[in-house]
Amino acid sequence: MLCKYLEEKPSIVVAFSGGVDSTFLVAVASVVSRRVMALTVRSPYIATWEIDEAVDLTKVLKLEHRILEAEIPETIKYNPSDRCYLCKHEIFSKIKVIAEREKYDVVCDGSNFDDLGDYRPGMRALKELEIESPLLNCQVTKAEIRAWSKKLELETWDKPPYACLLTRIPYDTLVEPEALKMIEKSEAFVIGLGIRAIRVRKHGDLARVEVDEKEMHKMLKPEIMSQISETLKSFGFNYVTLDLSGYKMGSFNDTLEKE
């Protein structure tokens, strides 16, 4: 069904983060569509290593690749609860301009069928801008994407989910580039220790570390805890804590539910 859907789109621009979903989508599109471009956004709230991985993936997949440089939009500088809507509306408006100028037929994103069950205000922006979501429209789930990615030998098949760094900061908080760098360096350090599913949420001068329950045992080794604490403090945090509830996607959304 997905292949047939994409075959009907002669030329496609895929918003490409280098994650599981967009990598699978662009890989399939590159086979069944006549003309495909992967477009990656580079901004202060996207981890540098994610951009680097996206660049490397496009080389492996032999894709046409473009990078869109973007600053922190004025509309989201205080991290409002609808930041995803505001950000996606601005970014995808720019992507559409590029697509139209380069004479591509459609702009697609990697939203999948499971995304309907999460708080994702950005999907409203996609609908307003007529951005297509082939994986969602064809009811492709995350589990199916991972399974098919493995069969296609895509290195992202088991990549943990990742999101923009704005999700590490409480809502209604000034977004400071220095804070984003602290978070990015902290997560990169922990990932470098072999703990892949990680979030470092910033509460002022306190780092609240979330880790997937499957990897919690790695964090509980005294030498690892000491190493992480000392390193994150060297990045600028005064306090480093481990969230005993483990990793939860969009954990700051809980604060919205309580309002």
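All residue numbers for the sequence shown refer to our numbering, where the first residue is 1212 and numbers rise by one. Glycine is no exception: its CB is placed at the ideal position from the N, C-alpha and C atoms.
Starting from serine 1222, trace the beta strand (DSSP E) in both directions and tell me its first and last residue. First-last of the beta strand (DSSP E) with serine 1222: 1222-1226.
What separation, rounded to the nearest whole angstrom, lies between the Cα atoms of glutamate 1426 and cysteine 1349? Using only the alpha carbons, I get a separation of about 33 Å.
Between phenylalanine 1235 and the rest of its own chain, which residues show a CB-CB distance below 6 Å, the 5 nearest in sequence each way excluded? Contacts found: Ile1356, Ser1360.
How far does the beta strand (DSSP E) with lysine 1413 in it reach, from first residue to last? Run containing lysine 1413: 1409-1414, per the beta strand (DSSP E) assignment.
Starting from the C-beta of glutamate 1219, find all residues in its chain whose C-beta is less than 8 Å away, skip the five residues before and the five after it, and write them out in chain order. Residues of the same chain with a CB within less than 8 Å of the CB of glutamate 1219, apart from the 5 flanking positions on each side, do not exist.
Cα-Cα separation between alanine 1358 and histidine 1300, rounded to whole angstroms: Taking the straight line from one Cα to the other gives about 31 Å.
With a Cβ-Cβ cutoff of 9 Å, do tyrosine 1458 and isoleucine 1409 count as a contact? For the pair tyrosine 1458 and isoleucine 1409, the CB atoms are nearer than the 9 Å cut-off.
Identify whether methionine 1248 lies in helix, strand or coil by the three-state DSSP scheme. If DSSP states are grouped into helix, strand and coil, methionine 1248 belongs with the strands.
Among the candidates Ile1223, Val1231, Glu1311, Val1225, whose CA atom is the shortest distance from the CA of proline 1369? Per the sequence shown, residue 1369 should be read as aspartate rather than proline. The residue among Ile1223, Val1231, Glu1311, Val1225 with its C-alpha nearest the C-alpha of aspartate 1369 is Val1231.
Assuming contact is defined by CB atoms lying nearer than 9 Å, are isoleucine 1302 and cysteine 1319 in contact in what I supplied? At least 9 Å separates the beta-carbon of isoleucine 1302 from that of cysteine 1319.
Assigned secondary structure, leucine 1417 (DSSP; H/G/I helix, E/B strand, else coil): The three-state reading of DSSP puts leucine 1417 in strand, counting E and B together.
Nearest to arginine 1407 (by Cα), restricted to the options Thr1367, Ala1354, Thr1442, Leu1391: With distances taken between Cα atoms, arginine 1407 lies closest to Thr1367.
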